[in-house]
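In this text, residue positions in the sequence shown follow our numbering: the first is 6, and each later residue adds one. C-beta: ideal position from N, C-alpha, C; glycine also.
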Amino acid sequence: MYLLYNTLLVVAAVVTLPYWVWRYLTTPKYKEGLRQRLGRLPPEVAREVAGRPVLWVHAVSVGETLASLRLVEALHAAYPRWRVVFSTVTATGQRVARERVAVADQVIYFPLDFPWAVRRVVRAIRPRLFVVLETEIWPNCFRELGRLGVPIVIANGRLSPSSFRGYRRLRPFMRRFLEPVACFAMQSQGDAERVRAIGADPARVVVTGNLKYDEALNLPDAAAMAELAGRIGEPTAEPVWICASTHEGEETACLDAYRRLAERVAGLRLLLAPRHPERCDAVAAEIERRGLAYLRLTRAAGRWREPVLLVDAVGWVMRLFRYATVAFVGGSLVATGGHNLLEPAAWGVPVCFGPHTFNFPEITERLLAAGGGVR
Numbered sequence: 006m007y008l009l010y011n012t013l014l015v016v017a018a019v020v021t022l023p024y025w026v027w028r029y030l031t032t033p034k035y036k037e038g039l040r041q042r043l044g045r046l047p048p049e050v051a052r053e054v055a056g057r058p059v060l061w062v063h064a065v066s067v068g069e070t071l072a073s074l075r076l077v078e079a080l081h082a083a084y085p086r087w088r089v090v091f092s093t094v095t096a097t098g099q100r101v102a103r104e105r106v107a108v109a110d111q112v113i114y115f116p117l118d119f120p121w122a123v124r125r126v127v128r129a130i131r132p133r134l135f136v137v138l139e140t141e142i143w144p145n146c147f148r149e150l151g152r153l154g155v156p157i158v159i160a161n162g163r164l165s166p167s168s169f170r171g172y173r174r175l176r177p178f179m180r181r182f183l184e185p186v187a188c189f190a191m192q193s194q195g196d197a198e199r200v201r202a203i204g205a206d207p208a209r210v211v212v213t214g215n216l217k218y219d220e221a222l223n224l225p226d227a228a229a230m231a232e233l234a235g236r237i238g239e240p241t242a243e244p245v246w247i248c249a250s251t252h253e254g255e256e257t258a259c260l261d262a263y264r265r266l267a268e269r270v271a272g273l274r275l276l277l278a279p280r281h282p283e284r285c286d287a288v289a290a291e292i293e294r295r296g297l298a299y300l301r302l303t304r305a306a307g308r309w310r311e312p313v314l315l316v317d318a319v320g321w322v323m324r325l326f327r328y329a330t331v332a333f334v335g336g337s338l339v340a341t342g343g344h345n346l347l348e349p350a351a352w353g354v355p356v357c358f359g360p361h362t363f364n365f366p367e368i369t370e371r372l373l374a375a376g377g378g379v380r
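Written out as structure tokens, the structure reads:
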């Protein structure tokens with residue numbers, strides 16, 4: 006099983022190498038953490054954890070990182086002597102982890118799932134426990150941790166119906182790849198049934214609920230809100246529509262809708278926050294094409310007067326929901342599966358979204374049933 010997987014991994018790496026070289030040369034975020042992704046951690050990581058038990062928590066990107074906050078804090082409180090190593094895949098996840106995961110002793114990039122890369126990282130950290138958020142399945146990493154007797158916990162696990170259909174075809178492989186996992190803490194009964202169906206040991210599967218609900222209770226503190234007010238001023242009575250976590254193709258729809266709404270709603274302003282800030286130049290071009298005045302958040306100096314505020318940095322969206330009259334959550338007009346609908350709802354802001362919310366089926370249903378959302 007592993008021989009075939011690793012052969013396919015190498016073939017895929019060779020075939021796609023020109024693409025990744027091009028991305029490395031043209032896109033700054035792909036240069037970040039490359040050595041770490043190849044298994045070469047900074048020496049200070051090993052020095053920091055030497056001789057101490059280590060909790061290694063992995064969250065792929067921003068959403069998973071934010072969802073993990075209370076869990077990581079609770080684990081740290083339970084095991085105060087343990088060092089905490091936190092890893093992410095994305096650069097935006099790195100920045101949020103460094104800002105928000107206060108108990109992390111080290112924040113690193115997760116290694117590519119080549120045997121030699123994961124072996125170097127696992128043996129440098131030597132964790133006592135590995136916790137991975139949602140359902141990130143990394144066969145070689147799991148195998149290496151299993152060889153060293155490290156318990157693996159999948160926390161806040163989910164398996165969408167579309168992912169399930171793909172994994173089910175590979176059930177003999179998945180059973181083997183999931184063998185090292187000690188506990189599958191799944192979000193819902195449906196997720197639990199699906200992970201059992203692809204090969205997880207039923208005795209190791211439990212339903213623990215969704216950490217996103219805990220995240221929604223973790224509202225920004227007064228200091229964080231004061232920092233935002235120092236950039237754009239305090240909230241006013243003027244109506245504000247926030248379009249958050251938008252993807253390519255969604256910004257144009259939001260901008261066109263905003264222009265129509267602004268003709269009917271006096272003083273309406275738009276907060277536009279792309280999911281990936283590196284796309285902000287392209288989004289800015291779309292704003293300019295429509296003749297709209299706008300301000301970038303990173304250039305704001307005390308007050309926001311323009312019709313559009315373009316959020317070109319990570320870590321601000323949860324605070325910006327406080328300014329909103331109504332919210333649209335992106336990733337839902339395109340087949341991405343949506344993003345966390347609870348974030349605006351936690352501020353009491355009604356939420357609208359598109360048809361694609363398969364990443365959050367339970368939250369979507371509950372929000373619609375409570376009258377807090379519109380599809």
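Just reading off the beta strand (DSSP E) that residue i is part of, what are its end residues?
i, result
"residue 281", "Unbroken run through residue 281: none, as it is neither H nor E."
"residue 191", "186 to 191"
"residue 162", "157 to 162"
"residue 112", "111 to 114"
"residue 108", "No beta strand (DSSP E) holds residue 108; DSSP gives it neither H nor E."
"residue 249", "245 to 251"
"residue 135", "134 to 138"
"residue 123", "Not the beta strand (DSSP E): residue 123 falls in the alpha helix (DSSP H), residues 120 to 130."
"residue 299", "299 to 301"
"residue 21", "Careful: residue 21 lies outside any beta strand (DSSP E), inside the alpha helix (DSSP H) at 7 to 31."
"residue 92", "88 to 93"
"residue 211", "210 to 212"
So, at 7 Å on beta carbons, what are the nonlocal neighbours of residue i in its own chain, with the 5 sequence-adjacent residues on each side left out?
i, result
"residue 225", "323, 324"
"residue 219", "75"
"residue 141", "63, 65"
"residue 29", "35, 36"
"residue 182", "142, 144, 147"
"residue 229", "324"
"residue 240", "327, 328"
What residue range is occupied by the uninterrupted alpha helix (DSSP H) comprising residue i?
i, result
"residue 369", "366 to 374"
"residue 270", "Element bounds for residue 270: n/a, residue is neither H nor E."
Between residue i and the rest of its own chain, which residues show a CB-CB distance below 6 Å, the 5 nearest in sequence each way excluded?
i, result
"residue 103", "112"
"residue 359", "337, 338"
"residue 151", "185"
"residue 402", "Residue 402 lies beyond the stretch modelled for the chain, which goes from 6 to 380, so this question has no answer here."
"residue 91", "62, 102, 106, 109, 112"
"residue 340", "361"
"residue 254", "339"
"residue 179", "172, 203, 204"
"residue 231", "none"
"residue 246", "275, 331"
"residue 357", "333, 379"
"residue 311", "298, 299, 300"
"residue 124", "149"
Given that a residue counts as buried once 16 or more other Cβ atoms are within 10 Å of its Cβ, and exposed if not, what is residue i?
i, result
"residue 256", "buried"
"residue 329", "buried"
"residue 321", "buried"
"residue 20", "exposed"
"residue 138", "buried"
"residue 47", "exposed"
"residue 307", "exposed"
"residue 52", "exposed"
"residue 280", "buried"
"residue 349", "buried"
"residue 96", "buried"
"residue 177", "exposed"
Within its chain, find whatever has a CB closer than 8 Å to the CB of residue i; leave out the 5 residues flanking it on each side and keep chain order.
i, result
"residue 11", "119, 120, 145"
"residue 283", "32, 33, 34"
"residue 305", "236, 237, 314"
"residue 22", "none"
"residue 42", "114, 115, 116, 117, 122"
Residue i CB to nearest chain D CB: under 8 Å?
i, result
"residue 290", "Structure shown: chain D not included; a single protein chain is present."
Continuous alpha helix (DSSP H) assignments of at least 4 residues falling wholly in the segment 43 to 71: 48 to 54
contact_flag[the segment 161 to 171, the segment 183 to 198] where n(CB pairs < 8 Å) is 3 or more: Touching, yes, given that three or more Cβ pairs across the two stretches are closer than 8 Å.
Inter-stretch contact (C-beta, 8 Å, three-pair minimum) for the segment 200 to 218 and the segment 183 to 190: yes
3 or more residues per run - each beta strand (DSSP E) lying fully within the segment 308 to 377: 313 to 315, 331 to 334
Contact the segment 342 to 355 vs the segment 364 to 375: 3+ CB pairs below 8 Å: yes
Three CB pairs or more closer than 8 Å across the segment 200 to 210 and the segment 225 to 237: no
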